[in-house]
Amino acid sequence: MPTSSTRSTPRWPDRSSPGTRAGSAMPTSAAACAACASRPAPPRCGCGPRSGWSTTSSTRTRCSSCASSSPPPSPRARSLPRRRRRGGPVSRSCIRAATFSWVCRSSWRSHGWADSRRPVAPARRRAPLHDFRRGALTPHPACLSHDAPPKPHPRTARNEPDEDRQRAMRYRALVFGVDAATFEVIDPLVAAGKMPALAGLMARGVRAGLRSTWPPVSAPAWVTFLTGKQPGKHGVFNFQNFDSRHYSGFSETLVNSSHFSGKTLLDHAAGTAGIRTLSYRIPMTYPPWDVPNGVVVAGFPLPDRRRTYVRPVEAEAELGPASPLSYDQTATAMKSLDVAALDASNRVELEGLERAVGRYFARGFELVIGFTGIPDTLHHAFWAFHDPRSPLHDPAAPPALRTVIERAYVEIDGVIGRLTRGLDDDTAVIVISDHGGGPAPSRHVNLNAFLAARGYLERAGAGRARVATTLGRVLERGRLALPGRLWLKRRLPERLGRSLRALRKATGAIAWERTRAYAVPIHYPVSGVWVNLAGRQPRGTVAPGEEYEQLRRTLARELAALRDPDTGAPLVARVALREEVYTGPHVASAPDLIVETVTGYHGGPDLDRLVSPVPPAALRRNNGSHTFEGILVAAGGPFRKGVVLDAPSLADVLPTALHLLGVPLPDDLDGHVVEEALDPAYLAAHPVSLTAARQGNGGVTHEQDDEEEMRRFLQGLGYVE
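Each residue of the sequence shown is one higher than the last, beginning at 73 in the working numbering.
Shown next, in the form of structure tokens:
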């Protein structure tokens, strides 16, 4: 019979010594009789003293010998609240054990041994919000007939030495993806006590900036997270991929899950180790595909953001709708600053996230990944109200506008807190973002104006160039200001739409047959420079080989020296050859040079001025943008405590999570296990193991007609043309 716990629970007889009682030095006056010795032992599970049980009355009493020898209870002993246990219905053996304890305490008080102080009132313990908290306790043998969550991994005894536990332990992983989350918003809220969940994870775990992809856009970034590879290997560079056959620089079709080259790590984990996974609304996972032992809930861009697209399809009924607002309704709410509509939509999204993650974690899924894109959407439309640095900031704006971003962060923290409450150290919790957030650039660096001034780019005839440039500016203003622009987009023939987009980007003002190089803005702060290569571009002029390589080196040197003619400040932070940024089979798809502009400047289409202001209408519509540094916060499992790391890569996150699950990693990953975040004893006992990579596509195809709704929403955020 075990001795009593240090918890405030009834003391139990120690039958190994008839002359003493457990938890008390008081000698007994008589040995326990056989009848009392046969009473049930206290259960050591979620049904017993660890969580409370019903204290129903009983007619069973103890013999006078045992009753007269019972010691007084601990001064802190208190009756337990009348409620059901956490693991399911209470078994008869649990009720008998609870009744036995209650009768013993009554006998102690009847003999005058009760504490003279007033007993402490029983604490009201709130019922758990999520079923997954039940799985943390080991069921009593008498309760095994009830339905109970499966135990996903063998657990070691709690009294084993830490190193032995580390050697025997595999962990579960709970990953939260928060699109565009940034410490710039988080740290002040943590300091003010408004984000206790994230503050707790940082205090007992690790934190770091998380390096995003080039460019720092959700499409390549989340695919990098899912595959552990950078864009040169997985082939996704933006929501529209690069295409040198178009002088716009981009393909006319949107990227989706069928474009992934190679297995995602979700497929790898399920196929290699049978890991049960949930991927909940991670971007770029439409159309969803079948993963063995897994559930894939597709994330944006979606044909209809109100619908839930999932594999297996049977899971749709229990997940519920994704959002109450369509793409057009969301765009209208953002443009009109309808905070109430956005807040209501965000609540529905977060409730769905909380419900899905809690449900599948309760079922014993070993890898559960949940996602919300709320911060990114709000950053684009409301950053100027949040950030005094923005040229559009209005300190007199209504509080609902100035605090809409902070409110969203606080609500997301509440979801994380409720989902992680009660988890033990056998679960690793990881919170990440794909990139950071910050103010949108207010000035354009028009690289094509520089190329034209240096003779690398030739304008078309004066009349054609003037018409194209003027019409492009008019179209840009009209695109931003016309109330019926969405109606117009839906009704324009696609070929005419492509022509208008080319005019707006000033490509119609360029004489391509006399141009050697041209620039294409990608996403702040990244632009690309293409060499007009013969045999690759439709009207290429530069010969492959030495001429091509010499031109690239010259352009890189001259672009790096660019300065603002008004201030003399540098305009370019970095220029790199594409093979210096990317590796893998898709490097040839990227622009020949990758240019990172300095903070506050982004590539523009003007052919006349090197530097120009961003049009006010464009800045009002999209006043927040991205940064290269996202967030990483991780705690539980073998993660070290209170450590700030140098920034790892986004490609490192999922390999680290899978290593905690005991899954060998494919040998072709760009990402690696973040060993500096993990306990050395764990690493010594669990060296990283690799396995041969398998090829295959992660996604399935979808109808081209599905793209229209997705394209409109991405245009509203400035991601595609």
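By construction, the Cβ of each residue, glycine as well, lies at the ideal position given by its N, Cα and C atoms. What you are looking at is a predicted structure, and each value in this text was computed from that prediction instead of being measured.
Run the CB neighbour count on residue i, radius 10 Å, all protein chains shown included, and call it buried at 16 or more, exposed below.
i	result
residue 443	buried
residue 761	exposed
residue 125	At residue 125 the pLDDT is 33, less than 50, meaning the model places this residue with poor confidence; the figure from the coordinates comes in the next sentence. With 16 or more Cβ atoms within 10 Å of its Cβ, residue 125 is classed as buried.
residue 349	buried
residue 493	exposed
residue 383	buried
residue 754	buried
residue 231	Bear in mind that a pLDDT of 34 at residue 231, under 50, signals an unreliable position, so the number given afterwards is only what the model happens to contain. Exposed, by the Cβ-count rule.
residue 307	buried
residue 421	buried
residue 506	buried
residue 447	buried
residue 622	exposed
residue 716	exposed
residue 496	exposed
residue 390	exposed
residue 749	buried
residue 193	Residue placement at residue 193 cannot be trusted, given a pLDDT of 42 that sits under 50; what the coordinates show is reported in the next sentence. By the neighbour-count rule (16 or more Cβ atoms within 10 Å), residue 193 is not buried but exposed.
residue 459	buried
residue 196	In this prediction, residue 196 has a pLDDT of 41, which is less than 50 and means its spatial position is unreliable; nothing more can be read from the coordinates.
residue 466	exposed
residue 438	buried
residue 386	exposed
Taking Cβ positions, are residue i and residue j nearer each other than 8 Å?
i	j	result
residue 277	residue 706	yes
residue 282	residue 727	no
residue 275	residue 500	no
residue 669	residue 633	no
residue 673	residue 463	no
residue 364	residue 294	no
residue 631	residue 587	no
residue 603	residue 624	yes
residue 290	residue 510	no
residue 685	residue 461	no
residue 682	residue 521	yes
residue 658	residue 287	no
residue 361	residue 368	yes
residue 523	residue 590	yes
residue 519	residue 647	no
residue 503	residue 273	yes
residue 663	residue 725	no
residue 718	residue 253	no
residue 375	residue 328	no
Quick check on the DSSP output: the alpha helix (DSSP H) that includes residue i runs from which residue to which?
i	result
residue 446	446 to 458
residue 580	First-last for residue 580: undefined, no H or E at that position.
residue 399	399 to 407
residue 332	That residue, residue 332, is in no alpha helix (DSSP H); it is neither H nor E in DSSP.
residue 413	411 to 434
residue 306	303 to 306
residue 340	337 to 345
residue 474	471 to 474
residue 272	268 to 275
residue 686	Note, residue 686: premise wrong, no alpha helix (DSSP H); not H, not E.
residue 390	388 to 391
residue 363	Unbroken run through residue 363: none, as it is neither H nor E.
residue 515	Counting along the chain, residue 515 falls outside any alpha helix (DSSP H), though it belongs to the beta strand (DSSP E) covering 515 to 517.
residue 653	650 to 653
Following the continuous beta strand (DSSP E) through residue i, name the residue where it begins and the one where it ends.
i	result
residue 313	312 to 314
residue 503	499 to 504
residue 292	Looking at the DSSP string, residue 292 is not in any beta strand (DSSP E); the run it does join, the alpha helix (DSSP H), is 290 to 299.
residue 260	Note, residue 260: premise wrong, no beta strand (DSSP E); alpha helix (DSSP H) at 255 to 263.
residue 511	508 to 511
residue 367	366 to 370
residue 350	349 to 354
residue 244	244 to 250
Could you tell me if the beta carbon of residue i falls within a distance shorter than 7 Å of some heavy atom in the ligand FMN?
i	result
residue 343	The model on display carries no ligand, and the ligand FMN is accordingly not part of it.
Hey, does residue i have any beta-carbon neighbour from chain D nearer than 8 Å?
i	result
residue 366	Protein chains in the displayed structure number just one, and chain D is not present.
Touching by the beta-carbon criterion (3+ pairs, under 8 Å), the region 727 to 737 and the region 320 to 334
no
Counting pairs of Cβ atoms below 8 Å between the region 648 to 661 and the region 609 to 618, do you hit three or more? no
task = Output the residue ranges of the beta strand (DSSP E) runs that lie fully inside the region 598 to 645 and measure 3 residues or longer, sorted by chain position.
result = 598 to 603
- prompt: Just checking, does the region 473 to 480 make contact with the region 399 to 416 on the three C-beta pairs under 8 Å criterion?
  reply: yes
Any contact between the region 291 to 306 and the region 332 to 341? By contact I mean 3 or more CB pairs, one from each, below 8 Å. yes
Hey, which unbroken runs of the alpha helix (DSSP H) at 4 residues or more fall wholly within the region 693 to 768?
725 to 732 and 752 to 757
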